[in-house]
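To start, the structure itself, in structure tokens.
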Ligand SMILES: Nc1ncnc2c1ncn2[C@@H]1O[C@H](COP(=O)(O)OP(=O)(O)OP(=O)(O)O)[C@@H](O)[C@H]1O
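In the working numbering, the protein residues as written are 1 to 297.
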């Protein structure tokens, strides 16, 4: 019998999954899986459990938000041989899940996690950690990990928006030297993002429109720090038009398998919406097709 490890965060989103565990596990059993279920007990538990038991199962089904998926991927990346990943998004934002064209109903999602086709997906290596869909620094990147989970659960997306507005005056410039496969740039930056996803927080850059999750390349968006009102307008216009154009040279967008970021001071990053530390130098490498995720028709 094929073995499945079912890791779920009972608090993700509004704790929605707690009332639907029988439906989900029934779909797994119907598809012939032997199930070991583990509700996460604390931050870090999904990663530890995936690393501890991942080598013993054929598939790990992760149920929660982007943070839980991030942890499961980090746990599995520590293994020499990795089981397939099924994903049932039940978090507040579920940004990454938008890439997977999952069925709308929870039962459909569970059936997909149990019976769908595994497809290769690239993983980003960020110094000694991994990320599945985004690593970012600068404006607003602290919002997703700075919001207490309880608050976020009740007010959902509204929390992100309110926290973001409260932080508008505290925008900071980061002086960075950034090197990628095809060039290098040194400047003051407002925001930077390395991603493997069609959108982040609902925003889509030009490169993200035709993303492939398994091409060995991540999309990079770098926004220079605006030095005068005209540049502020250019950046705002870019954001409001949903990532069209290059904002009069204020925005750089490219694709690469490697990105090195050198700061003059420590720079706080977020990885998949979780706090990623504040390293002064960062090396990001794409590990092509490092995991298999079950999705698509
Ligand atoms: N039992 C637990 N108690 C407290 N925190 C937990 C527990 N289990 C998991 N976590 C942590 O909760 C954080 C958020 O989880 P998750 O991403 O699944 O849900 P979410 O925040 O509702 O969704 P999203 O990330 O999509 O906004 C993760 O960093 C995870 O480590």
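In this text, a Cβ means the ideal position worked out from N, Cα and C, and glycines have one as well. The structure presented is a predicted model; accordingly, all values stated were derived computationally and were not measured.
A residue is called buried when at least 16 other Cβ atoms come within 10 angstroms of its Cβ; residue 41 does not meet this threshold and is exposed. The closest CA to that of residue 116, considering only 87, 209, 211 and 265, is found on 87.
Distance from the C-beta of residue 11 to the nearest heavy atom of ligand 1 is below 7 Å.
For the pair residue 85 and residue 123, the CB atoms are not nearer than the 8 Å cut-off.
Judged by DSSP secondary structure, residue 90 falls outside any beta strand (DSSP E); it is assigned neither H nor E. Per DSSP, residue 30 is one residue of the alpha helix (DSSP H) stretching across 21 to 30. Check the Cα spacing between residue 266 and each of 248, 133, 253 and 172: the tightest is with 172. Residue environment for residue 193: buried (at least 16 other C-beta atoms within 10 angstroms of its C-beta). Taking C-beta atoms as the reference points, residue 129 and residue 271 count as a pair closer than 8 Å. For the 8 Å CB-CB criterion, residue 28 and residue 136 do not form a contact. Contact between residue 205 and residue 219 holds: CB atoms are separated by about 7 Å, below the 8 Å threshold. Shown here, residue 96 sits in a helix according to DSSP, grouped into three states. In terms of Cβ geometry, residue 273 and residue 66 form a close pair [threshold 8 Å]. Short note on residue 80: C-beta not closer than 7 Å to any heavy atom of ligand 1.
In this structure the region 99 to 107 lies against the region 17 to 26, because at least three pairs of beta carbons, one per stretch, are closer than 8 Å.
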